[in-house]
Amino acid sequence: MKSRPVLMTGTNVLGILALRKTKTRRILKIQPTPNPARLEFWEKGLGGVPANSFIPTSNSGKVGIFEPLHLQCPFGVVGDRLWIRETIWQWGRWVSNGKTKGGRPKRKFVSCGFNVRYVANHPNRPADPPHDRKIVHADELWVKRPAIHMPRAACRVEVELTSIAAERLHDIREADCFAEGIVIDPHHLWRPLGSKEPMRPLTPHQAFQSLWESIHGDDSWDENPWVWVLGFRLVT
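Sequential numbering from 594 applies to the sequence shown in the working numbering.
Here you go:
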């Protein structure tokens, strides 16, 4: 079993913790070309194709006419784990870190003790210093750190992969729209997970489209890329 980091928005993290979100879609970095009818999963591999590969396949079932010949999911295999990186507030300070090639001063962030708060739960900068921290430097403060910089020790959410598939974005089924974390109210009005907009009469697919575009950009839905479909269960 391996554990790999993956970035998620704070609202998606809250959806996982609430057990509403059990799937995520990630764009394939290499899109199969020419576009195959489907990607078949070969658990045991064959010939020069490694195990746990997805093989581009035509409607006739012919294999091997596409490039790349095989694709392996970069997030691992069923049973592997993903630890979630999210945006955090971290207690620390900015210190001098030399100069750029152009002669401008550079700075780097240095944490002061291990104190973090999660932006998903605390969208505004915390007003008070950590209760267990003795202030050593006058310039210590809470700094918003992008998810990519969240240390492993700050991880509060780890999930185990229960399924892996590959499909076109538009092929998402209604059940998967729910698994992606869209929200419904008793009057069957919809909105994307974490959205501040009013509830409105959207179909599940439209609600997921809105969620996707809020993360990937306004035209990202129309591109209809191949995506990894990762199913998971909450571990911690």
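Idealized CB from N, CA, C, for every residue including glycine. Note that the coordinates shown come from a computational prediction; the quantities given were computed from them, not determined experimentally.
Whole-Å CB distance - residue i paired with residue j, under 8 angstroms assumed
i      : j      : result
His715 : Trp682 : 6 angstroms
Trp735 : Gly706 : Not a contact, Cβ separation roughly 12 angstroms.
DSSP three-state assignment for residue i, whether helix, strand or coil
i      : result
Gln802 : helix
Arg745 : helix
Val606 : helix
Phe771 : helix
Phe825 : strand
Ala740 : helix
Glu751 : strand
Leu762 : helix
Glu679 : coil
Glu633 : strand
Pro698 : strand
Alpha-carbon spacing of residue i relative to residue j, whole angstroms
i      : j      : result
Leu610 : Arg749 : 10 angstroms
Ala800 : Ile623 : 27 angstroms
Pro797 : Ser704 : 42 angstroms
Lys737 : Ala768 : 35 angstroms
Asn818 : Arg745 : Checking the sequence shown, residue 818 turns out to be Pro, not Asn. So the two alpha carbons sit approximately 30 angstroms from each other.
Sequence-distant residues of the same chain with beta carbon closer than 7 angstroms to residue i, five excluded per side
i      : result
Lys699 : Asn690, Gly691, Lys692, Thr693
Ser813 : Trp805, Glu806
Gly669 : Lys595, Arg597, Leu754
* To do: Evaluate contact between the region 755-762 and the region 723-730, counting only Cβ atoms and requiring at least three cross-stretch pairs below 8 angstroms.
  => Flag = no, the region 755-762 and the region 723-730 do not touch.
* Asked: Counting pairs of Cβ atoms below 8 angstroms between the region 670-688 and the region 595-607, do you hit three or more?
  -> yes
* Asked: Between the region 629-636 and the region 695-713, do at least 3 Cβ pairs fall closer than 8 angstroms?
  -> no
* Asked: Does the region 767-776 touch the region 609-616, meaning 3 or more C-beta pairs lie closer than 8 angstroms?
  -> yes
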